[in-house]
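S.K.:
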Ligand SMILES: Nc1ncnc2c1ncn2[C@@H]1O[C@H](COP(=O)(O)OP(=O)(O)OP(=O)(O)O)[C@@H](O)[C@H]1O
Ligand SMILES: Nc1ncnc2c1ncn2[C@@H]1O[C@H](COP(=O)(O)OP(=O)(O)OP(=O)(O)O)[C@@H](O)[C@H]1O
Ligand SMILES: [Mg+2]
Ligand SMILES: [Mg+2]
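Chains as they are written, first to last, in the numbering used here: chain A, 3 to 238; chain B, 16 to 371; chain C, 513 to 767; chain D, 122 to 463; chain E, 8 to 314.
1) The beta strand (DSSP E) that contains residue 524 (chain C), what's its start and end?
2) On a Cα-Cα basis, can you pick out the residue from A:221, A:195, A:121 and A:187 that is closest to residue 696 (chain C)?
3) With 16 as the cutoff for other CB atoms within 10 Å, does residue 65 (chain B) come out buried or exposed?
4) Run through the segment 198 to 276 of chain B for me and flag every whole alpha helix (DSSP H) of 4 or more residues, listed as ranges in chain order.
5) Is it true that the CB of residue 134 (chain B) sits closer than 8 Å to the CB of residue 100 (chain B)?
6) Check whether the segment 144 to 164 of chain B and the segment 356 to 363 of chain B touch, using three or more Cβ-Cβ pairs below 8 Å as the test.
7) List, from N- to C-terminal side, the beta strand (DSSP E) runs of 3 residues or more that fit wholly inside the segment 276 to 311 of chain B.
8) Expressed to the nearest angstrom, what Euclidean distance is found between the alpha-carbon atoms of residue 306 (chain D) and residue 19 (chain E)?
9) Does the contact criterion of 3 or more C-beta pairs under 8 Å hold for the segment 516 to 526 of chain C versus the segment 702 to 710 of chain C?
10) State the start and end residues of the unbroken alpha helix (DSSP H) segment that holds residue 327 (chain B).
11) Going by beta carbon distance, what residues of the same chain come within less than 7 Å of residue 205 (chain E), once the five residues before and after it are set aside?
12) Just checking: is the beta-carbon of residue 767 (chain C) within a distance shorter than 8 Å of some beta-carbon in chain A?
13) What residue range does the beta strand (DSSP E) around residue 358 (chain B) cover?
14) Look at the alpha carbon of residue 130 (chain D) and the alpha carbon of residue 21 (chain A), and state the distance between them as a whole number of angstroms.
15) Do residue 4 (chain A) and residue 117 (chain A) have their C-beta atoms within less than 8 Å of each other?
16) Flag residue 690 (chain C) as yes if its beta-carbon sits less than 8 Å from any beta-carbon of chain D, otherwise no.
17) Can the beta-carbon of residue 169 (chain A) be found closer than 8 Å to that of residue 145 (chain A)?
18) Got a sec: does ligand 1 put a non-hydrogen atom nearer than 7 Å to the Cβ of residue 658 (chain C)?
19) Under the assumption that residue 33 (chain B) contacts residue 46 (chain B) (Cβ atoms under 8 Å), give the Cβ distance between them as a whole number of angstroms.
20) Here's the rule I'm using: 16 or more other beta-carbon atoms within 10 Å means buried, otherwise exposed. How should residue 160 (chain D) be labelled?
21) Locate the alpha helix (DSSP H) running through residue 231 (chain A), then write down its first and last residues.
22) Just to make sure I have the definition right: I need the residues of chain A whose C-beta is within less than 7 Å of the C-beta of residue 200 (chain E). Which are they?
23) How close, in whole Å, do the beta carbons of residue 306 (chain E) and residue 262 (chain E) come, if the pair is a contact with beta carbons under 8 Å?
24) In terms of residue numbering, what span does the alpha helix (DSSP H) encompassing residue 283 (chain A) cover?
25) If you follow the beta strand (DSSP E) that residue 148 (chain E) is in, where does it begin and where does it stop?
26) Put residue 760 (chain C) into one of helix, strand or coil per three-state DSSP.
27) Pairs of beta-carbons, one from the segment 222 to 233 of chain D and one from the segment 344 to 364 of chain D, closer than 8 Å: are there three or more?
28) Smallest Cα separation from residue 52 (chain E): which of E:300, E:125, E:11 and E:69?
29) Could you give the distance in angstroms between the alpha-carbon of residue 635 (chain C) and the alpha-carbon of residue 625 (chain C)?
30) Determine whether the beta carbon atoms of residue 115 (chain E) and residue 178 (chain D) lie at a separation below 8 Å.
31) Below 8 Å, how does it come out for the segment 394 to 408 of chain D and the segment 76 to 89 of chain E: are there three or more Cβ pairs, yes or no?
32) Should residue 597 (chain C) be counted as a contact of ligand 4 given a C-beta to heavy atom distance under 7 Å?
33) If the cut is a Cβ gap below 9 Å, which residues of chain A does residue 190 (chain E) touch?
34) At a cut-off of 7 Å, is residue 720 (chain C) close to ligand 4 when judged by its beta-carbon and the heavy atoms of the ligand?
35) What does DSSP give as the partner residue(s) for residue 20 (chain A) in the beta ladder?
36) Excluding the five sequence neighbours on either side, which residues of its own chain have a C-beta within less than 6 Å of the C-beta of residue 319 (chain D), listed in chain order?
This is the structure in structure tokens:
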């Protein structure tokens, strides 16, 4: 297992957002996490990345390293990159600087340049816009930049929080295609999505989260056929 | 309105309100130290009327509003029989109102504004008044033959403004520039450049020692090389320590550090022993305020505010460190003024002017 | 004459022409969709219609009167209310208070009334509160009325924003991506809600949305923008079949 | 309780009842004044009266700063204007006899109105400035007022006193006047901010753009907050002038403004009762610390830091006494909502 | 002509220290959106530490440059530590709290340092002249028009201008061209997203405080040498530097520099041509007018919010 989350408990003050969540992700997989609004999906990702402190449970990296208690920048150092909900582009920095920040922990300029070439290979539009300020990019471009930025850290595990939010249909399809490509190149992906249909189409396995608990887990194709899932998350 | 008994059986309680913190803390702390030295000396010799004197000291953060609160506390909580304070006239006026209301005698060590003692018959001072000192400066300028004088006043400071007013009243020559600064200012070059452009014979600088040296230094940098002169606010080790920069400048004072009178010599020695510092003007005035007050209590024969007031009013020829003090009918101190010239970090008496 | 008429609207940001020569009409009881790629200028159109941005050229008329140059609050009082692409609730106020803010302009008493708390004032406050609660009930938020808006789940926040906009009693409601971040089931509920609003309040609704199922299902007419230009206007079926729309926005026909 | 929010909120207490209670409360200050003067130590009475004045000042700043979210660092300037207006007129007319109390009331209102006019002038930059820029502009306003006072000897027949201060103002203010003022001020601002109309103030604080989209004339409310806040600050200044009888310009500099901002924040920006409590605590605390002599202000500043570290949400945790609903404290300084997600 | 020239030199010379202090304000503001009220007191502590060092090394009779290096280095180091400590103890625990709350602890720290410095155990209330490490000397002397129309520039004027110009350059380079600077700019937007980039946000913030405090120390030492050392010396320059930072466009490094010089010049010219009594008031009037015309300051960027 690349990452295993066991019995995770997280709360915001009195609100228990995660109540004993267990999730495991294997090398090379795309794992989807779906669930209604407020189910706790974002909370789970933020806890894995060290942005939130868990109350109980464990998060194990490669079966041995405990991530609980690490600061976010230390988690990044292990090879976990997180594309946050709502993209969170640095609006006043250029696209290039945004990308540079993604590779912040890499000190060699040569290596960074190489990685940036690769990101530009995946997203040619970013190469065109590299000197434009992040805040002025269109929504789709910002999403690509956010993913590209995460790729700059050469992650072994990529956490994606609703990459399709607010994007035009054409772009949504493009993003999912890129997710597949990245995965094919060897990056493991943990994907949170409202667009359950799309997510389960690209994923190998999936989890369904409901009010802070894992309700279901199965292969993606089984979930796509599951009647409860169909009813609740695929729109009938 | 005044409730309860005043004065304790075992001690004589004197209240002090001073700016121990805030913008003018340096003056408040100096006068406080002088006062404490006086009380210590008197207590060592057995106190007053067979009782020890105890000073209750309250800080007013250099704020007039808080000065009132502090005096109110001294009078109604601590039930002191007399009050000493303040350095700044504004705060003496504020605190004096309360003292007058409760008929508690108040003696200000250093508030020079004429209005302070006009608050009422319980308010006294042991320092010069501004108009007197300003007049002394004007007389001196004329004696020196300075026909064109520039004035550089600290407008945030009553003392400075008072001296300027007194000076303008008395001076017959031409005032070529009337510039100002504010306490806390650091850079005076703009005004000095302006003053320089008017070509004065001398510059009247009625400020405190905290600013004087900086002003003169900056003037010399701008090649404004005329004499500066001012009042007793200059009196401080700081001014002397500045050394040659201050050469050829003058100020009026109650005494000269080289004064051979024993009261002066003893005070300076005792102060240095206790605080390991040379006293400044505020320390001397604080010391004298304490001494005059305790002397009045002794003469009153009892520690009752009204009796102390009467004794204070009757003070005559008291040999203070800051000169021989006589309280006049307006409750102001009368004492001669010296004009001191600075040279190589030392002073010598250039002139003596008696109160008119 | 339509209730809302936009003609030849052009908006320029520095070198970027966010909208050019945009024409649009909307009447009471209509539900009109606005779609287009990211950055096409959809939100910009809303911003001009609500007075947040000033147009470089062109006119916006409400019931025949031009509202160009009017300030946002004036435009709202004239009858246009909106929601925001990134929700902008009063996050530190309660759910009920958020809606009550919408009633603010209907308050007839002045400041003396407030300070002296006259009976008239008290009656009016209670009436508004009652109305606000009724509105919240319709939106399924009544049981959360005392919670701070910032503590609501995202979907509820979106609904609250719509309720708040309706509290200003608009004649036209602009919804900017109301379904973003909702799951399919919630989207279906939202569709019902939007239809209900249109019928119950008989107002015109202008809707930006990237979810094609939703747009196609509820909008009678759809305008498609690309790079600030209108590339198609028509019914759902017409627009879906338009090759320009497919190329710029949809990709392949949605099936 | 929960599902019938409207009744659980205490709004159904009849208005006339509360109004009568308020009148009785204000009237009750009169005999209380009498009792206090007889029974209480004058020093504590003074501290009590200063608490009353600071309650007015802090509550009125709270309307601008905590409730409307306009970061003002110039409140002492309004206080100065009121103090000098009332003080100077009082000295000029020196009313005595039966009409003296009525004259005081009239002159207090005049002082408040003059300050309110200044509030209007200061409110105008708020139309363009936000957050820290506004803070600086208001701070500048305070310093300009200070400079004008320091350099003005008199305006026509009315004495200002320049840097020497204004002295010998007839003393009229007593416990009654201070607390009548405080009650009226707190009650007015309470009603303004917890009424349907006054919700607009807090809507402006939360999000100006959204508030405008809800039909709220944000300009009007921002300026209004300044005008009302300045009015009460001016009244407090007038009370102060006629209580001490002396005014020194330094008392109204930005240190005083900052002291008031501290009260507002420690009270939990936005919570009116919290600010009242904070004003009392922060007025009393330095007096209580006199025991520490020269370390007093050191201890005071440490206490201030500790209070903020231990209760960052304010003394009452951003709630109101007498009202169980949470009123969220301002999370940001005016117009800075973008950053609140940090 | 000589008069105006001299006044301009006077103005630039004061403005230069405002600029130095303003640079620190702007840095801290840039990352934390916090008006660091204690900044003026850090400047004061810089002067105090410099004073101690100067007194301490006086008996050794070092050459001027050696003494200056030790004094500046010591004061900068001490203030960097102080800045770190202030941030660590008073601001960091409130990291996710509303900014106004932190503003109050900043005021608390400012009061604490002022009052501590006023006690005799730390410095005492009396202003002390700086030991004669380097004397003011006229290094440039022009006569313009006639022998009496002299314009002088002192070594201290040049020192303050040179230091602030040089340090602004260094700062701009650090912020715009280095990895640390990039991190700093990222943190100034959002903490959580920055930490997702692998940036240690706490360390970046500490670094900023230390840098800003060291700059304040430089200004403190310059003013200590030029004027004197006093416990409340941070009050007015702190305030004016804050004004300068806002005037220049808070968050902008060249803005702070320009703002500082502008404030210095306005102040001096008002004193020189109008009345010194009104100089602060006029400076504030000009400030308000400039802000009304350019609501984000002279060089500040107006960040319109995108809806
Ligand atoms: N900062 C917060 N303070 C309090 N409660 C919060 C906070 N953030 C989230 N919550 C609550 O925690 C729960 C889980 O939220 P989370 O954001 O993880 O949901 P999500 O599954 O990502 O939902 P969405 O699909 O809307 O993004 C929700 O009930 C939410 O209201
Ligand atoms: N205030 C502004 N300053 C500069 N450019 C702007 C501004 N507002 C919008 N733009 C630009 O105008 C164009 C249109 O933006 P708009 O927000 O209207 O797009 P949109 O169609 O709503 O896209 P999306 O679907 O992603 O929300 C974009 O390129 C955007 O970057
Ligand atoms: Mg989420
Ligand atoms: Mg949009």
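The beta carbon of each residue, even a glycine, is placed where N, CA and C say it ideally should be.
As the structure is a prediction and not an experimental result, all values here were calculated from the model.
M.R.: Here's the rundown:
1) 516 to 525
2) A:195
3) exposed
4) 204 to 212, 224 to 236 and 252 to 256
5) no
6) no
7) none
8) 48 Å
9) no
10) 320 to 328
11) none
12) At residue 767 (chain C), the pLDDT of 43 sits below 50, so the modelled position is not reliable and the matter cannot be decided from this model.
13) 352 to 358
14) With a pLDDT of 47 at residue 130 (chain D), under the threshold of 50, the modelled position of this residue cannot be trusted, and the question is left open.
15) no
16) no
17) yes
18) no
19) 6 Å
20) exposed
21) 229 to 235
22) 86 and 90
23) 4 Å
24) An answer regarding residue 283 (chain A) cannot be provided, because it is not within the stretch 3 to 238 covered by chain A.
25) 145 to 150
26) helix
27) yes
28) E:125
29) 11 Å
30) no
31) no
32) yes
33) 103 and 106
34) yes
35) A:12
36) 313
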